[in-house]
Ligand SMILES: NC(=O)c1ccc[n+]([C@@H]2O[C@H](COP(=O)([O-])OP(=O)(O)OC[C@H]3O[C@@H](n4cnc5c(N)ncnc54)[C@H](OP(=O)(O)O)[C@@H]3O)[C@@H](O)[C@H]2O)c1
């Protein structure tokens, strides 16, 4: 089957969407981006992307964006939105598209996410159980290297990062590499039904990530472990449902004893080695200055 000529990216102005848009354009595909009204981050998208306003939480508002689209790069930026909404959106996608890439999570791969929790495992279940004509691919990604932007305010403001579980070892993935895997799955054959574990090339503790950011910005930075309860409060204040915050923090605690799983999927699917955290830190050094 030939590559879809028009692809819609949802949650398009986050960490992954702009990379996905750039890779799709490079592959000669027309790109549409679904963005919220007055999204201040639209400028992150390449110029040739067609912008459609719509709200994933209001399924009828995405009809125009989906019209004539043959592929969807589906990201779902909610923890708690009603499950009926996701199914309605999926059914609308299936009416138009032949191929779907869903950004899922390593949590599904290792069995941490139950299917009834309204997040990645649930979305995978919807796709498996409620579609028949779509060629789908799941990207079960580890944490993004971009999560390290969370350290940036403390790095800029004194250089001491206070966070729990500095010894948690992750195989964080460059969000551009994740996007590249998804674009290959949308634009070439042989990926239908794949559940790819997408990771970076190395396991690094959070402390080691911070050290590398310091080396790339020419500063000595300090990690101070704080009690998980303090981080939990901040996560809940930022909109995380309490049980999600607990799940994430428990996972980090586990990663202090047992490093995160890794894979060679980026190289296998894209033909290029996965970028290292040092590559990412060098590209994004200005955000920490
Ligand atoms: N971060 C990780 O480590 C990690 C790990 C595993 C899986 N994931 C998955 O990766 C996906 C992509 O992450 P990301 O960081 O690129 O993006 P994201 O943070 O999930 O999504 C942000 C984007 O979604 C848009 N958005 C928010 N509410 C919306 C709505 N109601 N309708 C339409 N768009 C809406 C935001 O627009 P505004 O800019 O206007 O707010 C922004 O463009 C996530 O959805 C998550 O499921 C992430």
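Numbering (our numbering), first residue to last: 2 to 290.
Just so you know, even glycine gets a beta-carbon here, dropped at the ideal spot from N, CA and C.
Considering only residues of the stretch 163-220, which uninterrupted beta strand (DSSP E) runs meet the minimum length of 3 residues and lie entirely inside it, listed in chain order?
196-199
Out of 100, 115 and 98, state which residue places its alpha-carbon closest to the alpha-carbon of residue 106.
115
So, with DSSP's three-state summary, where would you put residue 51?
If DSSP states are grouped into helix, strand and coil, residue 51 belongs with the strands.
Does the pairing of the stretch 155-165 with the stretch 237-248 give three or more beta-carbon distances under 8 Å?
no
Buried or exposed: which applies to residue 208, given that a residue is buried once 16 or more other Cβ atoms fall within 10 Å of its Cβ?
By the Cβ-count criterion, residue 208 is buried, with 16 or more other Cβ atoms from all chains shown falling within 10 Å of its own Cβ.
Does ligand 1 have even one heavy atom less than 7 Å from the beta-carbon of residue 12?
Short note on residue 12: C-beta closer than 7 Å to some heavy atom of ligand 1.
For residue 89, collect the residues of the same chain with a Cβ closer than 6 Å to its Cβ; drop the 5 residues on either side in sequence, then sort them by chain order.
60
So for residue 105, helix, strand or coil by DSSP?
strand
Roughly how far, in whole angstroms, is the beta-carbon of residue 224 from the beta-carbon of residue 205, given that I think they are within contact range, below 8 Å?
That pair is no contact at about 12 Å.
Which residue or residues does DSSP assign as beta-bridge partners of residue 34?
10 and 52
Quick one: grab the DSSP three-state call for residue 224.
Per DSSP, reduced to three states, the secondary structure at residue 224 is strand.
Can residue 250 be considered in contact with ligand 1, in the sense that its beta carbon sits closer than 7 Å to one or more heavy atoms?
no
I'd like the list of long-range same chain contacts for residue 34, defined as Cβ closer than 6 Å, with 5 residues on each side in sequence excluded.
10, 13, 46, 50 and 52
If we count Cβ pairs, one from each stretch, closer than 8 Å, do we get three or more for the stretch 164-176 versus the stretch 218-234?
Cβ pair count under 8 Å is three or more, so yes.
Three Cβ pairs or more, each shorter than 8 Å: is that satisfied between the stretch 266-285 and the stretch 193-200?
They touch, by the three-pair rule.
Would residue 290 and residue 218 qualify as a contact pair, given that the criterion is a beta-carbon distance under 8 Å?
yes
In this structure, what does DSSP give as the bridge partners for residue 73?
Residue pairing for residue 73: DSSP places it in a beta bridge opposite 9 and 101.
Ends of the beta strand (DSSP E) at residue 136?
136-142
At which residues does the alpha helix (DSSP H) containing residue 156 begin and terminate?
153-157
Can you say whether residue 92 is buried or exposed, counting buried as having 16 or more other CB atoms within 10 angstroms of its CB?
exposed
The alpha helix (DSSP H) with residue 284 in it runs from where to where?
278-284
Should residue 85 go down as buried or exposed, given a rule of 16 or more other Cβ atoms within 10 Å for buried?
exposed
Between the C-alpha atoms of residue 150 and residue 31, what's the straight-line distance to the nearest angstrom?
30 Å
Given the structure, does residue 77 come close to ligand 1, in the sense that its CB is under 7 Å from one of the ligand's heavy atoms?
yes
Would you kindly check if the distance between the Cβ of residue 68 and the Cβ of residue 100 is under 8 Å?
no
Taking 7 Å as the cut-off, is the C-beta of residue 121 nearer than that to any heavy atom in ligand 2?
In terms of ligand content, the structure shown lacks ligand 2 and carries ligand 1 instead.
Tell me which residues share the same chain as residue 23 and place their Cβ nearer than 6 Å to its Cβ, disregarding the 5 neighbours each side in the sequence.
The residues 47, in chain order, have a CB closer than 6 Å to that of residue 23 in the same chain once the five nearest residues on each side in sequence are set aside.
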